[in-house]
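Here is the structure we will look at.
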Amino acid sequence: MLTAVTSQSIFAGQRASTADRWRYTALWRTSAFLIIGSGLAAALAYWLTQRMIEPIRILEDGVARIGAGQFDHRIDIATGDEFERLATRFNAMAGDLAVSQERSERIGRLKRFLAPQVAELVDHSGDDSVLDGRRIEVVVVFGDLRGFTAFSARAEPNVVMSFLNDYYDALDRVVIDHGATLTHFSGDGMMVLINAPVSRPDPALCAIRMALDMQKTVQSLLRDREPLDHRLGFGVGLALGPATVGRIGTEGRLEYTAVGSVVNLAARLCASARNAEVLIDMAAADAVDGRVPLIERDARVLKGFDKPVRVFAAGEAAAS
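Counted from 1, the sequence shown has number 38 at position 38 by the UniProt record's numbering; the numbering is strictly sequential.
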């Protein structure tokens with residue numbers, strides 16, 4: 001009886017010991033799996049982090065370069081996921097910005113001598129051949145101040161420059177409103193073309209109406225500045241005729257201008273005009289055919305012309 005009890009106790013002890021070893025083994029296996037799994041998870045997390053950090057760094061660098069105006073910069077991300085698709089869209093955006101910048105710079109260059117609406121037209125058409133040299137009929141308009149040299153000698157420099165800035169701004173708005181081409185300002189004078197580089201219907205009528213608006217605008221400006229110098233005035237001369245027109249100069253200093261006797265005639269008429277006068281040659285007067293009140297003045301001997309030139313006045317000068 002004692003032997004049977006002892007055998008059962010030994011067997012039970014062996015079973016308990018085996019169970020403990022099994023539990024310990026299972027625990028160690030579980031712990032090992034957890035440690036290995038945690039290591040793999042950490043390694044995977046590190047790999048994923050590095051895989052994300054590098055594309056993000058490349059994108060950040062690209063954004064910074066674009067922000068600095070380097071629109072030719074492109075990024076290369078070949079991850080085959082959302083980052084690669086984002087890089088593709090980034091490069092497309094950079095390309096669009098480069099085109100937009102080039103277009104903006106191009107329009108900026110054109111606006112230096114074209115009315116903004118004309119510059120936009122040339123840019124949208126993508127054809128700037130209208131700026132190439134050619135011979136066409138144009139109306140050339142000159143305007144300048146009377147008594148400005150004496151005024152600039154007496155007035156303070158800041159007063160002179162302030163007045164000139166207001167004067168240029170006022171005339172520039174008139175030229176833009178009439179769709180004309182301002183070739184340049186020179187001192188207190190300016191030269192404007194009608195019918196070039198873009199054709200205009202009835203250019204003589206457009207030019208006379210613009211010249212009258214120029215007079216009205218400048219006379220209003222002079223009245224506001226009357227305390228400065230009551231002897232300041234403004235005269236305008238215009239002429240219609242064939243001329244060679246086109247762009248000249250270099251890319252950095254490009255101008256659009258006209259060359260021909262009609263340019264000289266308009267300049268001489270402007271020099272001959274008194275304050276508030278708009279003087280017109282016979283060709284322009286004939287072209288408007290009575291649609292603007294004109295009065296013929298005495299023929300004038302102008303430098304560079306063999307015969308006296310028939311001259312007409314428009315606006316208030318025509319009524320006086």
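Just so you know, even glycine gets a beta-carbon here, dropped at the ideal spot from N, CA and C. From a predicted model like this one, the values you see are computed outputs, not experimental measurements.
- Of the residues assessed, Ile36 falls on the exposed side of the cut-off, its CB having fewer than 16 other CB atoms within 10 angstroms.
- With a threshold of 16 other beta carbon atoms within 10 Å, Gln215 meets it and is buried.
- A Cβ-Cβ separation of about 14 Å leaves Gly233 out of contact with Gly315 under the 8 Å criterion.
- Sequence-distant partners of Ala153 (beyond 5 residues in either direction) whose C-beta falls short of 8 Å from its own C-beta are missing from its chain.
- Excluding sequence positions up to five before and after Gly249, its CB lies within less than 6 Å of the CB of Glu255, all in the same chain and listed in chain order.
- Of the candidates Phe142, Ser31, Pro203 and Gly133, Phe142 places its Cα closest to the Cα of Ala266.
- A straight line joining the alpha-carbon of Pro157 with that of Arg274 spans about 26 Å.
- Taking 8 Å as the upper bound for CB-CB distance, Ala204 and Ala92 are not in contact here, some 50 Å apart.
- Between the segment 300-315 and the segment 179-187 there are fewer than three C-beta pairs closer than 8 Å, too few to call the two in contact.
- The segment 127-138 makes contact with the segment 236-248; the number of CB pairs closer than 8 Å reaches 3 or more.
- One thing to note: Cys270 has its Cβ within 8 Å of the Cβ of Gly235.
- Contact annotation, Leu238 with Ile280: C-beta distance approximately 6 Å; criterion of less than 8 Å satisfied.
- In the structure shown, Ala273 adopts coil according to DSSP, grouped into three states.
- Less than 8 Å divides the Cβ of Ala258 from the Cβ of Val140.
- By the neighbour-count definition (other C-beta atoms within 10 Å, threshold 16), Gly69 is an exposed residue.
- In the same chain as Val174, and ignoring 5 residues on each side of it, the C-beta atoms closer than 8 Å to its own belong to Met210, Asp213, Met214 and Thr217, in chain order.
- Counting along the chain, Ala283 sits inside the alpha helix (DSSP H) bounded by residues Met282 to Val288.
- Linking Leu34 to Arg89 through their CA atoms gives a straight-line distance of about 42 Å.
- If you draw a straight line from the Cα of Arg29 to the Cα of His73, it is about 54 Å long.
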